[in-house]
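**Q** What follows is a single structure, and I will ask about it in a moment.
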Amino acid sequence: MFNDQTILITGGTGSFGKKYTQIILEKYKPKKIIIFSRDELKQFDMQQKLNDPCMRYFIGDVRDESRLREAMEGVDYVIHAAAMKQVPAAEYNPMECIKTNIHGAENVIKAAIANNVKKVIALSTDKAANPINLYGATKLASDKLFVAANNQVGTRDTRFSVVRYGNVVGSRGSVIPFFNKLLADGATELPITHADMTRFMITLREGVNFVLKNFERMHGGEIFVPKIPSMYMTELASAVAPGVAQKIVGIRPGEKLHEIMCPADDSHLTLEFDDHYVICPTIQFAHQSDFTTNRLGEKGKDVPQGFEYHSGNNTHWLTHSELLEMTVEQDPV
699 MFNDQTILIT GGTGSFGKKY TQIILEKYKP KKIIIFSRDE LKQFDMQQKL NDPCMRYFIG
759 DVRDESRLRE AMEGVDYVIH AAAMKQVPAA EYNPMECIKT NIHGAENVIK AAIANNVKKV
819 IALSTDKAAN PINLYGATKL ASDKLFVAAN NQVGTRDTRF SVVRYGNVVG SRGSVIPFFN
879 KLLADGATEL PITHADMTRF MITLREGVNF VLKNFERMHG GEIFVPKIPS MYMTELASAV
939 APGVAQKIVG IRPGEKLHEI MCPADDSHLT LEFDDHYVIC PTIQFAHQSD FTTNRLGEKG
999 KDVPQGFEYH SGNNTHWLTH SELLEMTVEQ DPV
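Numbered by this note's numbering, the letters in the sequence shown go through residues 699 to 1031 in order.
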């Protein structure tokens, strides 16, 4: 569906954006791929390796609606990946996080509608489900904005959906590169916040492929959640550094013991498919669809009342060897 189409990725110089671009170029022949981000050095670095003739690099910030409108002219599909993602940074700079994650989401929506973009998928996070930190709260607000945007389109065909998933193995700022840096600096023990802490794990390629598939599945208004494995942080540390001591340092502010992707309070809205869940919108749209059957013909079923999908009650747990296989895949740039 992406052959001879124009795709724009906000925050496109991040780990996801680079892998998404790489995979699109492998699988399709797009008309244009527009990387929209605010860091000229990251764009320069990315351009050295991803320099296909279809590539375009736009300097811009999602806080700037007029620049987004310019960048989205003639665009068919948008992936909104730009965000402030670091929990401590968001806590210390709350208004900056709100400007990027909430006001930026609003600007993406307005620009997409103004340019008659076909479909938009916004990337979310497990921290948006029952949020306890500002980053999660802003992403929940962003999710709500993108779902509700389907009521703002009027007679246009533009549709908006959300993809929510957990920790991306090996991405910038994630725990494995952090542990590896400590080990390279001579650390003799690794910090673990809590012995029972768990997290969902997904590779960049899996995340990108899930987003690609959901462009085909979406009616508009869904929150897509993949079925992915979990791992205890103690087991992750043991897999990365066998025999290295671990020190319990306590749960940090804004951190959960287990991450949630499908909250129990949304169980009446949640559908289970073979390899993913869909959280249906709480509001009605003029184009309201039957979400139990997606556009690929896949059928979902209601989950039990009170069902909650979190990293501590998962049925799929990563082994050490599976984790190490996942870490082999490196960032493309």
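Backbone N, C-alpha and C define an ideal beta-carbon position, used for all residues, glycine too.
1) Please report the straight-line C-alpha distance between residue 1026 and residue 751, rounded to a whole angstrom.
2) By DSSP's criteria, residue 983 is part of a beta bridge. Which residues make up the other side?
3) Under a three-way DSSP split, which group does residue 719 fall into?
4) Our contact map puts residue 827 next to residue 766 with C-beta atoms below 8 Å; I'd like the distance itself, whole angstroms only.
5) Once DSSP output is grouped into helix, strand and coil, what is the label at residue 795?
6) Can you name, in chain order, every residue of its own chain whose Cβ lies under 6 Å from the Cβ of residue 820, other than the five neighbours on each side?
7) Would residue 755 pass as a contact of residue 770 if the rule is Cβ separation under 9 Å?
8) Output yes or no for whether 9 Å exceeds the beta carbon distance between residue 739 and residue 719.
9) What span of residues does the beta strand (DSSP E) with residue 754 cover, start to end?
10) Report buried or exposed for residue 955, applying the criterion of at least 16 other Cβ atoms within 10 angstroms of its Cβ.
11) If contacts are defined as beta-carbon pairs under 8 Å, then residue 900 and residue 926 qualify, I think. What distance do you get, rounded to the angstrom?
12) Under the DSSP definition of a beta bridge, which residues are partnered with residue 956?
13) Tell me the rounded alpha-carbon separation between residue 699 and residue 940.
14) Determine the closest residue to residue 975 out of 707, 936 and 908, with distance taken between C-alpha atoms.
15) Which residues mark the beginning and the end of the alpha helix (DSSP H) in which residue 846 is found?
16) Compute the Euclidean distance between the alpha carbons of residue 893 and residue 791, then round it to the nearest angstrom.
17) Is it a yes or a no for the segment 966 to 974 touching the segment 997 to 1004, going by three-plus beta-carbon pairs under 8 Å?
18) Three or more C-beta pairs closer than 8 Å, one from the segment 841 to 858 and one from the segment 881 to 896: is that the case here?
19) Alpha carbon to alpha carbon, how far is residue 952 from residue 716? Give it in angstroms, no decimals.
**A** Let me spell this out:
1) 29 Å
2) Note: residue 983 sits in no beta bridge, so no partner.
3) helix
4) So it is not a contact: roughly 27 Å between Cβ atoms.
5) helix
6) 778, 844 and 860
7) no
8) no
9) 753 to 757
10) exposed
11) 5 Å
12) Partner(s): none; residue 956 has no beta bridge.
13) 44 Å
14) 908
15) 832 to 846
16) 30 Å
17) yes
18) no
19) 28 Å
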